[in-house]
Amino acid sequence: MVNFFFQKKKNIKINDILVSLKLKKLKVNYPINDIKDLENANEDDITFFNSIKYKESVKKTKSRTIITHKKFIKTIPEKINVIKVENVLLAVSNVTSLFYPDAVNDNPDFELDQINKKNYKNLRFGKNVLVGKNVKIGSNCAIGHNTIIEKNVRIGNNCNIGNNVIIKNSIIGNNTNILDGAVLGKKGFGFFPGKNSNTRYPHIGSVVVGSNVEIGCNNTIDRGSLSNTMIGDGTFLDNQVHVAHNVKIGKNCIITAQVGFAGSSSVGNKVLIGGQAGISGHLVIGDNVQIGGGSGVVKNIPSNTKVMGYPARNIRNFLKDNKFND
Amino acid sequence: MVNFFFQKKKNIKINDILVSLKLKKLKVNYPINDIKDLENANEDDITFFNSIKYKESVKKTKSRTIITHKKFIKTIPEKINVIKVENVLLAVSNVTSLFYPDAVNDNPDFELDQINKKNYKNLRFGKNVLVGKNVKIGSNCAIGHNTIIEKNVRIGNNCNIGNNVIIKNSIIGNNTNILDGAVLGKKGFGFFPGKNSNTRYPHIGSVVVGSNVEIGCNNTIDRGSLSNTMIGDGTFLDNQVHVAHNVKIGKNCIITAQVGFAGSSSVGNKVLIGGQAGISGHLVIGDNVQIGGGSGVVKNIPSNTKVMGYPARNIRNFLKDNKFND
Amino acid sequence: MVNFFFQKKKNIKINDILVSLKLKKLKVNYPINDIKDLENANEDDITFFNSIKYKESVKKTKSRTIITHKKFIKTIPEKINVIKVENVLLAVSNVTSLFYPDAVNDNPDFELDQINKKNYKNLRFGKNVLVGKNVKIGSNCAIGHNTIIEKNVRIGNNCNIGNNVIIKNSIIGNNTNILDGAVLGKKGFGFFPGKNSNTRYPHIGSVVVGSNVEIGCNNTIDRGSLSNTMIGDGTFLDNQVHVAHNVKIGKNCIITAQVGFAGSSSVGNKVLIGGQAGISGHLVIGDNVQIGGGSGVVKNIPSNTKVMGYPARNIRNFLKDNKFND
């Protein structure tokens, strides 16, 4: 997939990468096109291998250059060039920054300007609407006052965008409403802690919002790091919801107010989540799951399950163990 | 009460309503003035009966037209015309949309303009303040920069409205402060889930804020569906509080940061709620109740009670059962 | 320390203070320079003594005028003039308002104006940026669209300030990022409850943010009452975090999304706090503490401890007692 939002540096070769990682150059230099995960990498992309749970993917990857830790070297097919590092994710961060120097920070888009009605079809909009270059907005949309839509954002037809909304690095479907004060597409909360200052992790992913979606007031939906943050068709989010980087929420979900998702979790279809519940990072929540308000979910939840509690567990057992008449 | 905020369609007759619900027309057509709940409906209003707990109200209602489910028909006085439907709330939603077509979505008010000092008495205001038609603001108020006040909003005397505030469909008393980034009066999170897209529930209620109130930064206070969302005199809300549709909060309450109220709950006077507590929907919380920080309230709380925990219970017993020295 | 943000009234004498507290005047009137806590007060400042836990400080204070309750009088050195009141904090509030009449409310800064590039070195900024008088911004900063920086604010070098940010009464270090929609420096949630209206507590403190800090989207960081609210060097805050008045957060902490801090708590260095955790008021959290997501911390936590739960306790014991396989 083409990355609309971050310009990739061209003409990078393997020795540029090795130099950036403070490693020895190879004798035979060769071009590297991009950095991608094992499954999506092509022959001329660099990839990385950081956990034994991806051992099947590493056998199938098309890439011929892999960043990894010495403990994983045996698992990697012999024909692949291996770049051995102490901290794989830090190296991936450095290489990603090499390809996408704009993806580390979140400088505002200073090239945007007052919206120009001529560029859009049947668009109603408020005062002081600011729009970046190459923004695409479908027909019959409405955009509220003081709203900012940064460069390259794509919005479908019949969408209602509220007041004081900020949208960057995002692709939005049709018939979707984004309510007042929501912030979509900022860099996720990812970095490597340092003694005095932290190294920010580059975020080249986007926020992809489906059709018939509602994003509530003052929501914060961060863009992904290497993959995208996704909100499926027909899903409704209430006010003050936080969605961290790389989270995938399925279709027709109902997420009530003040719910928070930590990074990289995935949520199935038709999932109901009560107010103020929290979902830890890197979890898999199935389809038709119901999560009670205030729950703290710390493990995977299979489909068709109702959970509640902190930590969240089967709702029937939670209620049985918490029958207080006082 | 006159609805300041949503224009009611006139000349609607019972057969217009039946057609909109895909039901057979009556032989004798007659005009319907409005849709109201059992207690507030007049003779020429349509009303609805959806739960046996309102059986006393249905006996006293002045309305002569009721939408209900077949299982409730026996409870309804014989002189009343009954409209029998499968899903009462969905029918109410449709009829409400028929009377108030603007109450389903939350399009920004595109008719507002830069504030004009001449229209207000002793008003101080910032840059880029946008005000809709027919807004009334009392004397000695201050309004911060970039704030939006939509059409027909009423604000009393001596109020301080912060920066980046959005107020729509709201009535505000005297000596009330509304702090930076608060959003008052947007449509509540109510809809009927559908397979691909959800049917939004119309919200013809308002937000009614009393006098001597403080609404904290980045609060979200949604307007009611058929009734109002209310914040009583002397009540203070801290930052990042969420108040859902139809919630009634009494007088002199103290609601600390990040508290959330689900829809239609009512809270008495002099109630103290600690940070991050959550109140489930449709509950009744009495007067002088104290709710500990982080509590999850899932049942009614009688007056003069202190509760804590998740689910919330008597604070003394909660603390006794949670005496950890580790 | 000079207070940049609140102008102190001059030429106040002890009898002005006594009159404001409705107490009898002294025969010998003398000037009072300021109101400060026991440790920071000089000879010509008034101070206050409200809790026996400060009995060592009261012996060492340089002040010769102390507001206190009669039950503490014996503890106070004889040479000090004692002002005896029923409610010490209410009296302190009144005296602070006498010195700093602007510190009670949070009127927007109406003297600010469109930013003028000439006043700053190598500054990039967006549309509609509003800046108050005497604002200092270091070199190589970026400021997003619609952002408001009120009078006397100080910002270091290489800072990125997002869109829709509001900064007042704050001092910010170097290399610090403040993301979209954050609100820094508003008055804390402090007041004395009254029957019909509450008496707001004056807040003459600031928000002091260190260097290499990140403040997330839609954060609310309130200024201190008599002391400052502080965020240490290298600390990162995720989205929708609330930091109440007088909170001190140390260096290199990681605070994930939707965490809330009640007033006057202090947090050490290298503390990790998971999403949605809450920290009660007036607590001391040590260095290298780890607090699990969703925890409710209600007591002091010693350094090098991991806690989780509601109320929070040793994480090992929490997990042992909450091993649910259902």
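Protein chains in written order, with my numbering: chain A, 1 to 326; chain B, 327 to 652; chain C, 653 to 978. Positions of the beta carbon are idealized from the N, C-alpha and C atoms, including for glycine. Remember, it's a predicted structure, so these values are computed and weren't measured experimentally.
Assignment of alanine 182 of chain A by DSSP, reduced to helix, strand and coil, places it in the coil class.
Listed by position along chain C, the residues whose Cβ is nearer than 9 Å to that of isoleucine 67 of chain A form an empty set, because the closest Cβ is around 25 Å away.
With contact defined as three or more Cβ pairs closer than 8 Å, the segment 97 to 110 of chain A and the segment 436 to 454 of chain B are not in contact.
With a 10 Å radius around the Cβ and a threshold of 16 neighbouring Cβ atoms, valine 354 of chain B comes out exposed. Taken atom to atom, the span from the alpha-carbon of isoleucine 76 of chain A to that of lysine 36 of chain A is near 17 Å.
Taken atom to atom, the span from the alpha-carbon of valine 85 of chain A to that of isoleucine 52 of chain A is near 16 Å. Lysine 334 of chain B: not part of any alpha helix (DSSP H); DSSP gives it neither H nor E. Secondary structure of aspartate 342 of chain B (DSSP, three-state): helix. Neighbours of histidine 934 of chain C in chain A, taken as residues at a C-beta separation under 9 Å, are lacking, since the least C-beta distance is about 24 Å. Apart from sequence neighbours up to five positions away, the residues of its chain that approach threonine 720 of chain C with a beta-carbon distance below 8 Å are Phe700, Phe701, Asn702, Ile728, Val734, Ile735, Lys736, Val737 and Val740, ordered along the chain. With contacts defined by Cβ atoms closer than 7 Å, proline 528 of chain B and serine 423 of chain B form a contacting pair. Around phenylalanine 562 of chain B, the beta-carbon contacts reaching into chain C at under 8 Å are Phe841, Phe843 and Asn850. Shown here, valine 418 of chain B sits in a helix according to DSSP, grouped into three states. Taken in chain order, the segment 750 to 787 of chain C contains no complete beta strand (DSSP E) segment of 3 residues or longer.
Taking proline 753 of chain C as reference, the option from C:Ile856, C:Gly902, C:Pro954 and C:Asn864 with the minimal CA-CA separation is C:Ile856.
Taking a contact to require three or more Cβ pairs closer than 8 Å, the segment 613 to 620 of chain B and the segment 873 to 883 of chain C do not qualify as touching. In this chain, the beta strand (DSSP E) harbouring lysine 84 of chain A covers 81 to 84.
In the DSSP assignment, histidine 69 of chain A is bridged to no other residue.
Excluding sequence positions up to five before and after lysine 839 of chain C, its CB lies within less than 6 Å of the CB of Asp758 and His855, all in the same chain and listed in chain order.
Counting C-beta atoms within 10 angstroms of its own C-beta, serine 745 of chain C has 16 or more neighbours from the protein chains shown and is therefore classed as buried. Bridge pairing for asparagine 829 of chain C: C:Asn812 and C:Glu866 [DSSP]. Its chain contains His797 and Asn798 as the residues whose beta carbon lies nearer than 7 Å to that of asparagine 780 of chain C, once the 5 sequence neighbours on both sides are disregarded; these appear in chain order.
Apart from sequence neighbours up to five positions away, the residues of its chain that approach histidine 568 of chain B with a beta-carbon distance below 6 Å are Thr546 and Gly586, ordered along the chain. Here the alpha carbons of glycine 790 of chain C and isoleucine 830 of chain C stand approximately 15 Å from one another.
Residue pairing by DSSP places asparagine 640 of chain B opposite B:Val633 in a beta bridge. Using a Cβ-Cβ cut-off of 7 Å, histidine 145 of chain A does not count as an interface residue toward chain C, since no Cβ of chain C sits closer than that to its own. Closest by C-alpha distance to valine 267 of chain A, out of A:Lys13, A:Asn246, A:Phe110 and A:Thr65, is A:Asn246.
Residues are counted here when their Cβ sits less than 9 Å from a Cβ of chain A; for the segment 820 to 841 of chain C these are Asn827, Asn829, Leu831, Asp832 and Gly833, given in chain order. Take the alpha-carbon of asparagine 810 of chain C and the one of phenylalanine 110 of chain A: they are about 16 Å apart.
Distance from the CA of alanine 638 of chain B to the CA of asparagine 42 of chain A, rounded to the nearest whole angstrom, comes to 54 Å. Non-local beta-carbon contacts of lysine 574 of chain B in its own chain, meaning distances under 6 Å to residues more than five positions away in sequence, involve Met556 and Ser592 in chain order. A Cβ-Cβ separation of about 5 Å places lysine 351 of chain B in contact with leucine 344 of chain B under the 8 Å criterion. Contact residues of the segment 566 to 585 of chain B toward chain C are Gln566, Lys577, Asn578, Ile580, Thr582, Ala583 and Gln584 (C-beta to C-beta distance below 9 Å).
Going by beta carbons, threonine 65 of chain A and leucine 38 of chain A fall outside the 7 Å limit.
A straight line joining the alpha-carbon of isoleucine 285 of chain A with that of isoleucine 807 of chain C spans about 43 Å. Closest by C-alpha distance to aspartate 874 of chain C, out of C:Val859, C:Gly884 and C:His934, is C:Val859.
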